[in-house]
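Written below as structure tokens is the structure these notes are about.
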Ligand SMILES: Nc1nc2c(c(=O)[nH]1)N[C@H]1C(S)=C(S)[C@@H](COP(=O)(O)OP(=O)(O)OC[C@H]3O[C@@H](n4cnc5c(=O)[nH]c(N)nc54)[C@H](O)[C@@H]3O)O[C@H]1N2
Ligand SMILES: Nc1nc2c(c(=O)[nH]1)N[C@H]1C(S)=C(S)[C@@H](COP(=O)(O)OP(=O)(O)OC[C@H]3O[C@@H](n4cnc5c(=O)[nH]c(N)nc54)[C@H](O)[C@@H]3O)O[C@H]1N2
Ligand code: SF4
Ligand SMILES: [Mo]
């Protein structure tokens, strides 16, 4: 076949880069950045190559797999789907509908098919036992957005292209490419802030790649951001620097917030945070005084003991200084396909703490329980015990705390089915694996991440490669399961679901998207641009819809269209924070890190992603290492309450002393994992064998993956290995 080019948007991370793929109709020959993409302007990262490598990966499953004991065999779709529906139905008939649990992972948000069709599947299943990667990720931001702005998806993003003072808490966009901030080529965008005379300040226990580029780095103690933020807000109140500007007209709770922060003066925060009181005051004053300023925070402030408080206080800091909804500040988007409005139209406005999990009494959020308690719910007998599990695009064995325990719990399930591309650490426990087509065989539109992009754009990608006979897309698999499960509930449910099936399969994700575009803010119905799928199809590089614009109070989804600055359900957690100040910090605490060529747990089977020296190493400050008599490059044992791992040590003085770091997503060398490259070239160890499922942010239920107390000692039988080069990721 002759060479051709194809334009699409990479869906591996949130940055949504436009890529130009050279191909021969069957295989990818090359991937480069699309200079005409209105958002990414030609940028790509090294991971873009993985789009082709995943597609051609011989380990990627092409046919449904069925496990009998330890033997796996191909099985046809009809049998596979029927077995799943029968077994799930059996379990529900015998033990009740909540006996089937569901875990939905991160890539489902990057895939319009799973995003738009998982809801129907969950409805058909009618189980309350739902879990997702949200509770190891952005749950605190969603909770704060829900309580303050009225919808969990109304999370504001920094307008970095116009910002002149960016205060970053616990995010490393130079490596992660931005999160809840789709900002491709973020490095250039950050440099541009400095070039126009602005400042960047990074609060992070590690002098990260982003901190390296910043004007100032505040090396905070892990897990203490809420104290720092409370003290900054305290300063702003105490020094009468409150300046809400136009937000004043529709913001409630300004006085309450000031009153509830009275006990949090900078002096009371400096010891726990490791940041001097005068520095905290200066940070607050500078932020309040700066024009076009935004305080932005990401996973570093989420997956810690005070995630909920941190996310709330961070938004509050932006609000009381008038930075929310102002150009250059923290702004809301106006996406062409507006998931917030669409969800609300179907009555999905979010909820919190409407119920508590059975075993540990953790709060539900948006119909999900915290994944930190999934193993409890599988292991603990009683009504509502999980007996069967469905996983969709997720790998909780590597990505959730105490994955080792969860892995063992999975062995006890009566039935498990996974919708996934690979047989990995999680899906090896399934009785049936249902593999979808690869992303290059699917059309793509970022229904989720356009909600969080620093510029409004709309880009549609048609499928690149045709699917082969006997291959199904994610949404088709979900729809087939939905219909079959409903059918087993009786003739009436069967008829209703059959009709729904016909309608939904005719529409598919593209048809739903088209409706969303037409009814959206630029759609034919709004008379603005006549946005539709057809229009997007004639613009292969995508359409630029302009910079972010002030959107409040209209965009608010609270009942009276007012911002709730001091939501009581969150503010009460300040009591726990006050008590925390008395706790002695652990001698060593573990934090995570991301690296340029990783994508959580699932790209280590792509050869280009794992070439070079092994990256799964424990980074430790040389002072901490010397004090323990540890050698650079030697194997060390890292222990926590939950387990231990043996891993090579690398000295790294970018860390605050007392803090060590391990990346997540490794630990591939397990029985029955069919990831040849990962097992051979990048097995590593799982940091989530060390993280503790029993410790969560008590307010939100979010897992605590940062600030985990650990001990590190030399491995008993040191391997004689020459020191590895000091790790420097290569952004
Ligand atoms: N210690 C620690 N743990 C962490 C984190 C951390 O910072 N530190 N980060 C957390 C975060 S932010 C996240 S988002 C989670 C991620 O946690 P998960 O979502 O549970 O895990 P992933 O590694 O993203 O696994 C994705 C799975 O989806 C499959 N997959 C990929 N694309 C598709 C697709 O299109 N369709 C289907 N059906 N399957 C697909 C892959 O094969 C893989 O099995 O990890 C969390 N875990
Ligand atoms: N290359 C790559 N890119 C990715 C991913 C990936 O796996 N690899 N995953 C994607 C996903 S799912 C997500 S959610 C995003 C996440 O995007 P980011 O939030 O930007 O992710 P990280 O790079 O983990 O940055 C978190 C930072 O928080 C710091 N930190 C740790 N503990 C604390 C703390 O207690 N307080 C403070 N202030 N900082 C702390 C860490 O040192 C780290 O620098 O990245 C996405 N992009
Ligand atoms: S930055 Fe993200 S979207 Fe862009 S090429 Fe890399 S993985 Fe793909
Ligand atoms: Mo994530």
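In our numbering, the protein residues as written are 1439 to 2169.
Using N, Cα and C, we set each Cβ at its ideal position, and we do this for glycine too.
All values reported here derive from a predicted model rather than from experimental measurement.
In the structure shown, what three-state DSSP assignment does residue i receive?
| i | result |
| --- | --- |
| residue 2073 | strand |
| residue 1867 | helix |
| residue 2090 | coil |
| residue 1952 | helix |
| residue 1705 | helix |
| residue 1841 | helix |
| residue 1603 | strand |
| residue 2047 | helix |
| residue 1923 | helix |
| residue 1887 | helix |
| residue 1694 | helix |
| residue 1810 | helix |
| residue 1501 | coil |
| residue 1510 | strand |
| residue 2162 | Bear in mind that a pLDDT of 43 at residue 2162, under 50, signals an unreliable position, so the model cannot answer this. |
What residue does the alpha helix (DSSP H) around residue i start on, and which one ends it?
| i | result |
| --- | --- |
| residue 1527 | 1515 to 1533 |
| residue 1753 | 1745 to 1758 |
| residue 1584 | 1577 to 1587 |
| residue 1850 | Taken as a continuous stretch (DSSP letters only), residue 1850 belongs to no alpha helix (DSSP H), as it is neither H nor E. |
| residue 1806 | Premise fails: residue 1806 is in no alpha helix (DSSP H) and is neither H nor E. |
| residue 1627 | 1624 to 1633 |
I'd like the span of the beta strand (DSSP E) that includes residue i, first residue to last.
| i | result |
| --- | --- |
| residue 1618 | Unbroken run through residue 1618: none, as it is neither H nor E. |
| residue 1675 | No beta strand (DSSP E) contains residue 1675, which is instead part of the alpha helix (DSSP H) from 1663 to 1676. |
| residue 1461 | 1456 to 1461 |
| residue 1823 | Run containing residue 1823: none; DSSP gives neither H nor E here. |
| residue 1982 | 1981 to 1985 |
| residue 1444 | 1442 to 1447 |
| residue 1655 | 1654 to 1656 |
| residue 1641 | 1637 to 1641 |
| residue 1539 | 1538 to 1542 |
So, for residue i: in the same chain, excluding its five sequence neighbours on each side, which residues have a beta-carbon less than 7 Å away from its beta-carbon?
| i | result |
| --- | --- |
| residue 1683 | 1760 |
| residue 1825 | 1529, 1533, 1537, 1851, 1852 |
| residue 1939 | 1917, 1921 |
| residue 1757 | 1682, 1685, 1689, 2001, 2003 |
| residue 1722 | 1670, 1673, 1674 |
| residue 1553 | 1546, 1547, 1885, 1886 |
| residue 2166 | Legend: pLDDT at residue 2166 = 42, less than 50; position of this residue unreliable, value from coordinates given subsequently. Closer than 7 Å at Cβ, skipping near neighbours: no residue. |
Between the C-alpha atoms of residue i and residue j, what's the straight-line distance to the nearest angstrom?
| i | j | result |
| --- | --- | --- |
| residue 1936 | residue 1502 | 23 Å |
| residue 1707 | residue 2013 | 14 Å |
| residue 1488 | residue 1836 | 20 Å |
| residue 1646 | residue 1491 | 29 Å |
| residue 1766 | residue 1637 | 12 Å |
| residue 1651 | residue 1457 | 26 Å |
| residue 1635 | residue 1949 | 46 Å |
| residue 1509 | residue 1867 | 12 Å |
| residue 1453 | residue 2044 | 20 Å |
| residue 2081 | residue 1845 | 14 Å |
| residue 1864 | residue 2104 | 13 Å |
| residue 1507 | residue 1521 | 16 Å |
| residue 1967 | residue 1961 | 6 Å |
| residue 1455 | residue 1616 | 12 Å |
| residue 1859 | residue 1629 | 38 Å |
| residue 1519 | residue 1774 | 35 Å |
| residue 1988 | residue 1762 | 9 Å |
Only counting the same chain, and skipping five residues up and downstream in sequence, which positions put a Cβ closer than 6 Å to that of residue i?
| i | result |
| --- | --- |
| residue 1625 | 1612 |
| residue 1931 | 1924 |
| residue 1959 | 1772 |
| residue 1679 | 1726 |
| residue 1505 | 1869 |
| residue 2100 | 2056, 2125 |
Which partner residues of residue i appear in the DSSP bridge assignment?
| i | result |
| --- | --- |
| residue 1975 | Per DSSP, none; premise fails for residue 1975. |
| residue 1471 | 1457 |
| residue 1995 | None, per the DSSP bridge assignment. |
| residue 2000 | Per DSSP, none; premise fails for residue 2000. |
| residue 1790 | 1803 |
Which same chain residues, not among the five before or five after residue i, have their C-beta less than 8 Å away from its C-beta?
| i | result |
| --- | --- |
| residue 1473 | 1479, 1480 |
Regarding residue i and ligand 6, is the C-beta to nearest heavy atom distance less than 8 Å?
| i | result |
| --- | --- |
| residue 1618 | This structure lacks ligand 6; its bound ligands are ligand 1, ligand 2, ligand 3 and ligand 4. |
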